[in-house]
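Going by our numbering, the sequence shown opens with residue 12, and the numbers climb by one from there.
Cβ coordinates follow ideal geometry from the N, Cα and C atoms, glycine included.
Take a look at the structure set out below.
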Amino acid sequence: MLLIKEIVSTQIFTNHPPRFTEASLVKRLEELGIGRPSTYAPTISTIQKRNYIVKEDRPGVQREYNVMTLAKGDIKDETKTQTTGNERAKLFPTDIGMVVTDFLKDNFKDIMDYNFTADVEKKFDDIADGALQWNKMLEDFYQPFSKLVEDALENSQRQKGERILGDDPKTGKPVLVRIGRYGPMAQLGQISDNEEEKPKFASLRKDQHIETITLEEALDLFKLPRDLGLYEDKKVVVAIGRFGPYVRHDSKFVSLEKEDDPLSIDLPRAIELIEAKREKDRKALIKEFDEEPDLKVLEGRWGPYIKYKKKNYKIPKTTEAESLTLEACMELINNPPKPTKRTRKKSTTKKK
């Protein structure tokens, strides 16, 4: 006879498929027959440059789960926590990337099919082997493709990736998130010619996404900009812009650190960031000229350079930045040195 000593029941959650790394994405492209070894790296680089995907680390989140134990006739119910979803050096789609993908899938279904690209690769091989004429292949592709493009231009709706979150409890106006001119944003109220009051807009933070942001999180964005008080008799304001949260003081902008929350940052912390930025700028400043305040000689990541009216100009390595005069700076601005061409050493083959 088998006696039961203990029975344990543990709540388990299924995990989503793992995110791609660059290596696993290349492997998947190979499996689908898409691209060649010479095109994998440029393809991944291009979609990163266009901000369709980002490569980054994302911390896991704490999740509760239940464990029930039956032992000696007693049932014990425990709640435990675990960290899930921790990602390192993974590729994540951006909101813009998802909107572009949806648009292409809606308007170019056949071309977005994995088999289309694999078939094109095969035709390239046939052209290389002389089994297919290249102009015939282009004609067969371009005629139906051009019709799809014309149809998309005439009939397709502008993709905004719009998602309605709910209504603002205070005003009753709808709250939604969508893609704007400068990226993902929240919108309070609808755009209408009849309404006197125009809708309000707020940029999403870098860690927020159209698919996952909640109504409460979106409403918090409209609490910005926040007036923190005065420093040196000038207003200190915190807000979120195109490049993330920042502090504005005396017409200057200072980015917040990752650990700083624009909704809770206080005046002392903002002053600390302002002073740190000033100190950094002081260390970077090599030379400035009273007669031309828009011109500065600065120390940068790649060495000294001239900054003039929001443009940067290279200083030759043979020139000592500290000794530059205003006239010499203007000469470098008006007649910048030509870039030096790098010459590769020819490899010599040994004679047999």
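Separation of residue j from residue i, as counted between CA atoms
| i | j | result |
| --- | --- | --- |
| LYS363 | ASP121 | Here LYS363 scores only 46 on pLDDT, less than 50, and its place in the model is too uncertain to base an answer on. |
| ASP305 | LEU235 | 31 Å |
| ASP292 | PRO104 | 35 Å |
| PRO347 | TYR51 | 37 Å |
| GLY71 | ILE55 | 25 Å |
| SER20 | THR90 | 12 Å |
| GLU286 | PHE114 | 46 Å |
| SER266 | LYS211 | 23 Å |
| ARG30 | VAL65 | 12 Å |
| ASP244 | HIS260 | 10 Å |
| GLU342 | ARG312 | 23 Å |
| LYS133 | HIS27 | 33 Å |
| MET79 | ASP88 | 5 Å |
| GLN22 | THR92 | 11 Å |
| PHE127 | ILE45 | 9 Å |
| LYS101 | ARG69 | 8 Å |
| GLY108 | ASN62 | 7 Å |
| ARG74 | ILE221 | 22 Å |
| LEU282 | LEU241 | Sequence inspection shows Ile at residue 282; the Leu mentioned does not correspond to that position. ILE282 and LEU241: Cα-Cα distance of roughly 10 Å. |
| PRO279 | GLN201 | 38 Å |
Contact test: residue i Cβ vs the ligand MG heavy atom, cutoff 7 Å
| i | result |
| --- | --- |
| ASN323 | In the structure on display, the ligand MG does not appear, and there are no ligands present to speak of. |
Nearest to residue i (by Cα), restricted to the options the options
| i | options | result |
| --- | --- | --- |
| VAL249 | LEU230, GLU228, ASP272, GLU227 | ASP272 |
| LEU239 | ILE276, ASP292, LEU215, LYS134 | ILE276 |
| ASN149 | VAL131, VAL160, VAL110, ASP140 | The residue you asked about is not Asn; residue 149 is Leu in the sequence shown. Checked all of VAL131, VAL160, VAL110, ASP140; the closest Cα to LEU149 is VAL131. |
| LYS349 | ASN77, ALA332, ILE326 | ILE326 |
| VAL258 | ARG61, LYS288, PHE300 | LYS288 |
| LEU284 | PRO256, ILE297, GLY311 | PRO256 |
| LYS307 | ILE344, ALA281, ARG280 | ILE344 |
Residue range of the alpha helix (DSSP H) that includes residue i
| i | result |
| --- | --- |
| GLN59 | 48-60 |
| PHE156 | 145-166 |
| ILE344 | 337-345 |
N-terminal and C-terminal residue of the beta strand (DSSP E) that residue i is part of
| i | result |
| --- | --- |
| PRO315 | 314-319 |
| TYR63 | Note, TYR63: premise wrong, no beta strand (DSSP E); not H, not E. |
| ALA213 | 211-214 |
| SER20 | 17-21 |
| LYS325 | 322-325 |
Backbone secondary structure at residue i - three-state DSSP
| i | result |
| --- | --- |
| PRO304 | strand |
| TYR193 | coil |
| GLU331 | coil |
| LYS363 | Note that LYS363 scores a pLDDT of 46, beneath 50, so its modelled location is shaky; the value from the coordinates is reported in the next line. LYS363: coil per DSSP, three-state reduction. |
| THR80 | strand |
| ARG30 | coil |
| ASP218 | coil |
| LEU199 | strand |
| ASP130 | helix |
| LYS87 | strand |
| LEU176 | strand |
Short CB-CB distance (under 8 Å) between residue i and chain E
| i | result |
| --- | --- |
| VAL247 | Within the model displayed, chain E is absent; a lone protein chain is all it includes. |
* 4-residue-minimum alpha helix (DSSP H) runs that sit fully inside the stretch 89-124, ordered along the chain -> 106-118, 120-123
* Could you pull out every unbroken alpha helix (DSSP H) segment of at least 4 residues lying fully inside the stretch 226-311, listed in chain order? => 226-232, 278-295
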